[in-house]
Amino acid sequence: MLIDFLLAALHHLLFFGLIAMLAAESSVLRGPLDANALQRLGRIDAAYGLVAGLLLIAGGLRIAYGLKGWDFYAHNPWFHAKLGAFLLAALISVVPTLRILRWRRAYRLDPSALPGPADAAGLRPWIGAQFALLAVILLCAAGMARHGGL
Numbered sequence: 000m001l002i003d004f005l006l007a008a009l010h011h012l013l014f015f016g017l018i019a020m021l022a023a024e025s026s027v028l029r030g031p032l033d034a035n036a037l038q039r040l041g042r043i044d045a046a047y048g049l050v051a052g053l054l055l056i057a058g059g060l061r062i063a064y065g066l067k068g069w070d071f072y073a074h075n076p077w078f079h080a081k082l083g084a085f086l087l088a089a090l091i092s093v094v095p096t097l098r099i100l101r102w103r104r105a106y107r108l109d110p111s112a113l114p115g116p117a118d119a120a121g122l123r124p125w126i127g128a129q130f131a132l133l134a135v136i137l138l139c140a141a142g143m144a145r146h147g148g149l
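Here the sequence shown stands for residues 0 to 149, where the numbers follow numbering that gives the first Met the number 0.
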């Protein structure tokens, strides 16, 4: 029972960490992208990816070692929707990550090559889509816990 509690707590804390990383990334994109902001954006994006990976691992550990067991998850449509939303958010996150990597590489080659406001604004819809999918994940988690009982 303690393992189930610890895994659930870890899973929830990592999810909130994911939200915090995405909010921080969004915040940095609202201001001018100078050298410091670009470095900060790169670190935040890397942390976002790390937290997402740890979240997926923690979820897998909950499936393997939690009290509900694989059968609960295998037959729960809310779980499949939740996992699908997570994977879609992960795919969407590739666009900002690649753009940030490109910006940082260009800056290393030419310190005057900083992204402009329009460049930063171009990432906002991608960040917004990820936020929307995180909300979908929370809704699916509520449905999943009740195994579809509305």
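Using N, Cα and C, we set each Cβ at its ideal position, and we do this for glycine too.
Measuring straight from C-alpha to C-alpha, what distance separates residue i and residue j?
i	j	result
S26	G68	39 Å
R189	I2	Residue 189 cannot be examined here, being either before or after the span of the chain that is shown, 0 to 149.
A120	L86	24 Å
A23	A131	16 Å
S92	L82	15 Å
A63	L5	14 Å
I18	A112	30 Å
L108	I126	27 Å
Can residue i and residue j be called in contact, C-beta distance under 7 Å?
i	j	result
I99	D33	no
I136	A84	yes
L49	L13	no
A36	M20	no
R103	G41	yes
Using the three-state DSSP reduction, which class does residue i fall into: helix, strand or coil?
i	result
H74	coil
K81	helix
D118	helix
R145	coil
S25	helix
L113	coil
G65	coil
M0	coil
R101	helix
Need the endpoints of the alpha helix (DSSP H) that residue i sits in, please.
i	result
L32	Per DSSP, L32 belongs to no alpha helix (DSSP H) and is neither H nor E.
If residue i and residue j are in contact, beta carbons under 8 Å, what's the gap, nearest whole angstrom?
i	j	result
A80	Q129	Going by Cβ atoms, the distance from A80 to Q129 rounds to 16 Å, so no, they are not a contact pair.
L28	L122	6 Å
W77	M143	4 Å
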